[in-house]
Amino acid sequence: MVTPSWRERIDHWRDSRALRRIAAVVVVIAAFLYPLVASSGTGLDTATVAEVFILLALGLNIVVGFAGLLDLGYAAFFAIGAYTTALLASTHFAIGNQTHTSLLLSYGPNGVHVNFFLLIPIAALAAALCGILFGAPTLRLRGDYLAIVTLGFGEIVPKVIENLGPGNSVGLPNITNGVNDITGIDSPPNINLGPIHWTFQTNDPRPWYYLGLIIVVISVIIIYRLRSSRLGRSWVAIREDEIAAAHAGINITGTRLTAFALGAAFSGFGGLLEASRLGTVDYTEFLFNFSITILVMVILGGMGSIPGAVLGGIVIAYLNQSWLTNAAAGINNFGGWLEKGPGLIHTLGVWLSGLPLASAKPMIFGIILVGIMLLRPQGLLPSGRRARELHPRTAGELAEEDSELYTVRTGEI
Amino acid sequence: MVEILIAGLALGSLYAIVALGYTMVYGIIELINFAHGDVFTFGVFVAIPVLDRLINQSAINISPLQSLIGIGVAMIVSALLCGILGVAIERLAYRPLRNAPRLAPLITAIGVSLIIENALFQWQGGGLIGFPSTLNVVQYPFLGGATITNVQILVIAVAVLMMIGLDLFVNRTNVGKAMRAVAQDREAAAMMGINVDRIISLTFLIGSALAGAGAVIYGIEISEVGYDTGFTLGLFAFTAAVVGGIGNIRGAMLGGILIGVVISWVDNLGSGASAGAGTEWYDVVVFAILVLILVFRPAGLLGTNTTEKV
Amino acid sequence: MTENEDLVRVQGLTRRFGGLTAVDSLDFEVRAGEILSLIGPNGAGKTTVFNIISGIYPPTSGQILFKGENIAGLKPDRVQRKGISRTFQTLRLFANMSVLENVLVGYHSRLHSNLFGDIVKPPWVVKAEKEAVERSREVLGRLSPRLLSRQEFRASDLAYADRRLLELARALVSDPALLLLDEPTAGMNPTEAAEFMDHIRHIHADGFTILLIEHNLNVVMGVSHRIVVLDYGTKIAEGTPDEVRSNERVIEAYLGRKAASA
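Chains as they are written, first to last, in this note's numbering: chain A, 10 to 422; chain B, 1461 to 1770; chain C, 25 to 286.
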């Protein structure tokens, strides 16, 4: 027996279940402690955005990473989650002139107000239902057709929201408030459980952060379980070889539909969280660009990788919220400093200080997509399955066997 | 009604020209080249300075000769630059992924589209830009009291000429035959001594060059352009390609015209209380058509169904 | 089941592709417990018959009675659930899944679970999963201890003959009433092919009914109980290996053409 090389040991550790569990626990504890060390509210705000992004990335990862279906209109489900929240928990729908109140629901002239915790399944179900309605006729299509159809769906949903406002051209009552957005969306009810006292206000990001964190942790656990289940195996099998999967007894359309609906449900959660935190929804946030942003999170972290989706969500949230603006300001300032120099340096300085970097986000995302696909298609934190490598000795042995076979086979011809 | 039809025909011809690029690339490497619409926008943008120089923008009357030279040169320049861009994209972004899983080049294509679109944004800003004037618009009487403009005639004529030219090229020349061979079976074509890489490059060159030439016509007809024009146009054009039957050149023309007429018709729907209903809803209608076609006739109107070999 | 009971009865099976009739009013039956081989020159329609039985495409006309029930036109997953598994002429494995996972996918139709079970994992789901893994390992081990020792390998990293065996394991694990094997020894050298045929004999001894497409006549003659010979989509002969070997039409269709093309 040969002593294992360092590389093999590292691979072994990386694959080691115990180690991965320890790493996960450390990350979760660190995340719970983060508000204690976060210097300012803005840092925590960004972290809260990151939580929503993680939910979206986790959901899209089911569709793109596990099932191998390219969904380019994923933000539409986010919109449906957010607008479901906005319609069912805000002052938007005034009904009658008397207020009826119960534990989970109140309605009256001040609008419909469904309890936040009841909205969790409702928002997820609404998004999942839309996923099913839309996916049922189209999921039989080939992958690239599906991409374009989902893109179309992603364009249609915000358009419908825009067009169903007050005084709309199809003669319907005001449903979505159109271009005026819906404001005054409820916050979750205050939570007092033993030592925990959470009041959801705009000036204190901590309760939001913790709420989001709990939802993210639960979601991650659910998705890990799904992946190792019979359903998770079917998703991957279909992605790898549809025909072989069908002949192994897997119902292709039904299984894909489950992926689509579950992915949509997580997006619905995200929409709920976002809408109630911001207190307002605006359909222009859910356009194609945002669908692509979510796709970038998944691709960056690694298709099919759950830690990858988490990492992707965090990186893109920080990139979106602060890093990019900071970097742009830094480069522009640097240009301003160079401008004082002579000749060429001056010209370079003028160019740098005038660069509209803050608006270059799509380009940066584009570069990430192309760069990852060309250079590291498995992403930054690849899933074990996609990264799995044999230890070198066996690989060499097998290559030899294969080449022998090859000569025999070609020899026959 | 006739006017709507004519406007639809002119609009549809534009979609058809762009659809050609999608359909050719899809036919040969089974990739939705998302960047194609942005290559088209690039074509419109590069035509602007050319026309500004060749055609006297302050003149009230532009001489026909000046129009002809201006438009001709702009089309050649634009076709050339778009062609080069298309080939470069294929070489740098798609070729390395030719044997990768299907999703990889598709995702790359989206990335390339974002990069080009944002580069165009950095170059020309976010607003709509007016296209230079190129010719004196003349209206001719047409059937049933309707009128047709010389611009509309130009658009339709150019589109039809491109289509016929391409059809002849693909079906009657040796290179065209090689193209069809590569589309059918890349490996077999390679074994027959066809340089597959070169044929694929050529496909991108022709598709992009047609988009470039079409871009000038688009500018003349629509007269303004923004950095993201090509994105929506590209989606509609792709829809047209699918409606006609992807990979099918005549299908692209048919699909383009159908989509153009539908848009032009829907656009004029609604009056009184529901005024503007058509303009608000036409993209919803186009995508609904796309979904319906894909569900009920995925091979398109002129395509044939194929089954995967087991 | 007795030896002579018909497990499958194919009646008047016809499939046209455009103007081409790939299979033309074909009748044959597979008896429970036998190894029946489908042979014929290239393009005779053998794989088309498999594809129709396994549900890739419906027949233009005709019936496939499986345990007395017409299954013609059912989708592949439904056919598999009825108890018919198959392998493919060109290997179709889930390349990036492990060896064990490939076999587990084959067990899919035997596991029953829903979203609730998959997420919450109550004891009965955990137990069923454990049984699935045990059963998969058992099938792997019975076929080849080497394959079992490589259960964590990625399927695409196996040697060619092992990949063929893995595909067989995936088809076997669901305990199908009928096993369709489409040229399982294609691409193997004679030693490997002989080894593979031993596997097929063992599987048969375990009680499986097998419908086999095979090119290699020596292989077919050695292993089959009965043989159906196809040419141009129609049956030209049927019988025991000895009967088929001496059948004039078979010799003409097979050897005559081979001699002419050589």
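We put the CB at the ideal spot given by N, CA and C, even for glycine. Being a predicted model, the structure only gives us computed values, none of them experimental.
- Contact check for leucine 115/C against arginine 188/C passes: the beta carbons are separated by less than 8 Å.
- Of the candidates Phe52/C, Thr84/C and Ala195/C, Phe52/C places its Cα closest to the Cα of leucine 254/C.
- Here tryptophan 217/A is not bridged, per DSSP, to any residue.
- Beta-bridge pairing by DSSP links proline 1601/B to Thr1607/B.
- Residue range 214 to 229 is occupied by the alpha helix (DSSP H) that includes aspartate 222/C.
- The three-state secondary structure of tyrosine 81/C, taken from DSSP, is coil.
- Between glutamate 251/A and alanine 119/C, the beta carbon gap of about 13 Å keeps them out of contact (Cβ cut-off 8 Å).
- A residue is called buried once 16 or more other Cβ atoms fall within 10 Å of its Cβ, and glutamate 125/C is buried on that count.
- At least one CB of chain A lies nearer than 8 Å to the CB of leucine 135/C.
- For the pair isoleucine 301/A and leucine 81/A, the Cα-to-Cα distance works out to about 7 Å.
- Three or more Cβ pairs drawn from the region 298 to 318 of chain A and the region 73 to 93 of chain A lie within less than 8 Å of each other, which places the two stretches in contact.
- For alanine 156/A, the chain B residues whose C-beta falls within less than 8 Å of its own C-beta are Ile1492 and Leu1566, listed in chain order.
- Between isoleucine 1624/B and the set Gly1497/B, Thr1739/B, Phe1591/B and Ala1712/B, the nearest pair of CA atoms involves Ala1712/B.
- Against chain A, the CB of lysine 145/C has a partner CB under 8 Å away; the residue lies at that interface.
- Against chain C, the CB of aspartate 54/A has no partner CB under 8 Å away; the residue lies outside that interface.
- By the C-beta criterion, the region 1471 to 1482 of chain B is judged to be in contact with the region 1700 to 1712 of chain B, since at least 3 inter-stretch pairs fall below 8 Å.
- The region 61 to 73 of chain C makes contact with the region 256 to 275 of chain C: 3 or more CB pairs, one atom from each, lie closer than 8 Å.
- Judged by DSSP in its simplified three-state form, serine 61/C adopts strand.
- The beta-carbon separation of isoleucine 157/A and alanine 88/A, rounded to 19 Å, does not stay under the 8 Å limit for a contact.
- Contact annotation for histidine 132/C against chain A: Arg239, Ser243, Ala257, Gly258 and Ile259 [CB-CB distance below 7 Å, chain order].
- Of all residues in the region 63 to 82 of chain A, the ones placed with a Cβ closer than 7 Å to any Cβ belonging to chain B are Gly77 and Leu79, in chain order.
- Sixteen is the threshold: when 16 or more other Cβ atoms of the shown chains lie within 10 Å of the Cβ of tyrosine 1486/B, as they do, the residue is buried.
- Taking the C-beta atoms as reference points, glycine 1720/B is found nearer than 8 Å to serine 1473/B.
- Sixteen is the threshold: since fewer than 16 other Cβ atoms of the shown chains lie within 10 Å of the Cβ of isoleucine 38/A, the residue is exposed.
- Aspartate 80/A carries a coil assignment under DSSP once its states are collapsed to helix, strand and coil.
- Taking CB atoms only, isoleucine 1536/B has no neighbour in chain A less than 8 Å away.
- About 24 Å separates the beta carbons of alanine 46/C and glycine 211/C, which is beyond the 8 Å limit, so they are not a contact pair.
- The residue among Ser49/C, Ala56/C, Val244/C and Leu31/C with its C-alpha nearest the C-alpha of alanine 217/C is Val244/C.
- No Cβ-Cβ contact shorter than 8 Å links asparagine 172/A with histidine 101/A.
- The C-beta of valine 129/C comes closer than 8 Å to at least one C-beta of chain A.
- Put simply, of Ser237/A, Gly68/A and Trp346/A the residue whose alpha carbon is nearest the alpha carbon of isoleucine 143/C is Ser237/A.
- It is roughly 10 Å from the alpha-carbon of glycine 310/A to the alpha-carbon of asparagine 70/A.
- Using beta-carbon distances, isoleucine 252/A counts as an interface residue toward chain C, with a partner under 8 Å.
- Here the region 69 to 86 of chain C lies against the region 94 to 109 of chain C, with 3 or more beta-carbon pairs under 8 Å apart.
- For glycine 86/C, the secondary structure class from DSSP, reduced to helix, strand or coil, is strand.
- Contact annotation: in the region 30 to 59 of chain C, no residue has its CB less than 7 Å from a CB in chain A.
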